[in-house]
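Data first, discussion second: the structure below is written as structure tokens.
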Amino acid sequence: MAPAETYSVLVEVRLRPGIADPQGATIERALPALGLHGIAGVRAGKAFRFDIVADGEAEALAQGTVVADRVLANPVIEESSVTVTKPASS
Amino acid sequence: MPARVGVVMFPGTNCEHDVVQAVNGLGGTAELVWHGDSSLSGFDALILPGGFAHGDYLRPGAIARFSPVMEAVSRFAEQGGPVVGICNGFQVLTEAGLLPGALQKNRGLRFLCTTVDVRVESDRSVLTSGITPGTVLSIPINHFEGNFTCDAETLAVLQGEGRVILRYVDNPNGSVDAIAGVCNAARNVVGLMPHPERASDPLTGSVDGAQLLSSLLASALTAARAEVA
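First to last, the protein sequences are chains C and E.
Residues in the first sequence are numbered consecutively from 27, following our numbering.
Residues in the second sequence are numbered consecutively from 8, following our numbering.
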């Protein structure tokens, strides 16, 4: 078994496709006023970063996914993706 | 004997005293319950009032769902006890999975604080049992995340089973099918965005909300008698 190490976890939460995103739509409508044209499909979301001590990357990913599914995202309207990175020092 | 109603308070709940006053004024006996308590024995009904439980951090209701009292609320609901979530309480019940759907930010991104007309669509719920379907009630709303949403399959079930119990006459927040209130399959758990406790005294301009709370008190006593029998 791999020794326990600290892994950095990034969870991105976004609204499911088809769920109205008034925040994203408002941002998109504001962009032309700044002279920024040709931008479409703006979707607002949330990002969470935390550290997990785990025996290997697979376990860190599994634990991070539990956090994402049970707490950080509401599965009725949101979906999430979990990215695990090893600390640079290891 | 008056119906004993537990009013569940989370850190950030702010409508609990309005609910207590309205319930007591209608002949019930309301008692505050702290979210850290895990016992709800002796209550005939529960109300989760409005406010900003746990600051609405992450999402409204997302953290409140993990409060110790919520396991007791779930058990109470499973045993058929009447549970009503008002506004933030509705959001808590959806996050806890006791009611379907979710409440998103209002269409138009405005915080809404106004009085709206809602139509009672079904008398088959603990909150609407004493009201003739079609009755229009004038009740305040006060929310930023009141835009009820669910997938098409869930919506078809809610419509097919008559579980949409309240609809906005003039949809203020973009809710799918103008839904203002829903109930669970057993019809003992109800969530609604309007605040009936703020329309339960002539001083507040409307007493239409009292019809809903009176129905709940009657349902609570019926449920309590069923348990004793």
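Glycine residues also receive a C-beta, built at the ideal position from the N, C-alpha and C atoms.
Cutoff 7 Å; reference residue i; Cβ partners in own chain excluding five residues on either side
i	result
A193(E)	G87
G169(E)	S129, R131
L57(C)	I65
A163(E)	none
C190(E)	S132, R170, I172, V196, V197
R72(E)	V99, E102, A103
A225(E)	S136, G137
S221(E)	L33, G137
Nearest residue (CA-CA) to residue i, options the options
i	options	result
P201(E)	A231(E), F151(E), V14(E), N191(E)	F151(E)
D95(C)	E85(C), A86(C), S107(C)	S107(C)
T32(C)	L87(C), V102(C), D77(C)	D77(C)
H61(E)	A109(E), P179(E), S145(E), N95(E)	N95(E)
T248(E)	D184(E), T142(E), V127(E), P107(E)	For chain E, the structure presents residues 8 to 236; residue 248(E) sits outside this window and is missing.
L223(E)	L55(E), D44(E), S136(E)	S136(E)
V250(E)	L47(E), G32(E), L33(E), M8(E)	This structure cannot settle anything about residue 250(E), because the visible part of chain E is limited to 8 through 236.
S74(E)	V143(E), S145(E), F17(E)	F17(E)
L33(E)	L219(E), E234(E), T229(E)	L219(E)
Q111(E)	D44(E), A187(E), D124(E), L55(E)	A187(E)
H24(E)	L165(E), S45(E), L55(E)	L55(E)
V102(C)	A80(C), G44(C), L36(C), K112(C)	G44(C)
D124(E)	P179(E), V76(E), L134(E), C157(E)	P179(E)
L41(C)	D158(E), I148(E), V143(E), E204(E)	D158(E)
G212(E)	D184(E), I146(E), L119(E), Q166(E)	I146(E)
E78(E)	D44(E), G49(E), F97(E)	D44(E)
A109(E)	L119(E), C120(E), F97(E)	F97(E)
Amino acids of chain E, ordered along the chain, whose beta-carbon sits closer than 9 Å to that of residue i
i	result
T52(C)	L116
P43(C)	Neighbours of P43(C) on chain E: none; closest Cβ ~12 Å, over 9 Å.
P29(C)	Those within 9 Å of P29(C) in chain E number zero; the least Cβ separation is about 32 Å.
P48(C)	Q111, K112, N113, R114, G115, L116, N154, G181
Which residues DSSP lists as bridging residue i, in chain order
i	result
A37(E)	V12(E)
H150(E)	L119(E)
C157(E)	Its beta-bridge partners do not exist; DSSP assigns none.
T20(E)	G58(E)
K72(C)	V39(C)
T111(C)	S34(C)
Q111(E)	N154(E)
V197(E)	V91(E), C190(E)
I78(C)	Y33(C)
D124(E)	S145(E)
L53(E)	G13(E), V90(E)
S106(C)	V39(C)
L173(E)	V127(E), G188(E)
Own chain partners of residue i with C-beta closer than 6 Å, once the 5 adjacent residues on each side are dropped
i	result
D51(E)	A10, R11, A227, A231
V182(E)	The question names Val, but residue 182(E) in the sequence shown is Ser. Taken in chain order, the residues that qualify are N154, F155.
V68(C)	G50, I53, E54
N21(E)	G58
S116(C)	Because S116(C) carries a pLDDT of 48, less than 50, the predicted location of this residue cannot be relied on, and no value is offered for it.
T111(C)	S34
L105(E)	A84, V196
A86(C)	Y33, I78, A80, V110
T139(E)	none
Chain E contact residues for residue i, given Cβ-Cβ distances below 7 Å
i	result
Q89(C)	The premise fails here: Q89(C) is roughly 17 Å from chain E at the closest Cβ pair, so nothing lies under 7 Å.
Neighbouring residues, chain C, relative to residue i (Cβ below 8 Å)
i	result
A240(E)	The structure shown does not extend to residue 240(E), since chain E is modelled only from 8 through 236, so no value can be given for it.
E78(E)	Within chain C, no residue comes near E78(E); the closest Cβ sits about 15 Å away, beyond 8 Å.
A69(E)	V97, N100
E102(E)	N100
Close Cβ partners of residue i (< 8 Å) along its chain, the five nearest in sequence each way excluded
i	result
V214(E)	A206, S207, D208
Y64(E)	I70
V39(C)	G71, K72, A73, F74, A94, L98, A99, E104, E105, S106
Residue i CB to nearest heavy atom of the ligand ADP below 7 Å
i	result
G58(E)	The model on display carries no ligand, and the ligand ADP is accordingly not part of it.
Amino acids of chain C, ordered along the chain, whose beta-carbon sits closer than 7 Å to that of residue i
i	result
R66(E)	N100
C157(E)	V102
Report task. Inspect the CB distances between the region 72 to 83 of chain C and the region 36 to 47 of chain E and report whether three or more fall short of 8 Å. Result -> no
Query raised in the report: Taking contact to mean at least 3 C-beta pairs separated by less than 8 Å, is the region 57 to 70 of chain E in contact with the region 163 to 177 of chain E?
Result: no
Query raised in the report: Can at least three beta-carbon pairs, one atom from the region 40 to 48 of chain C and one from the region 101 to 117 of chain E, be found at a separation below 8 Å?
Result: yes
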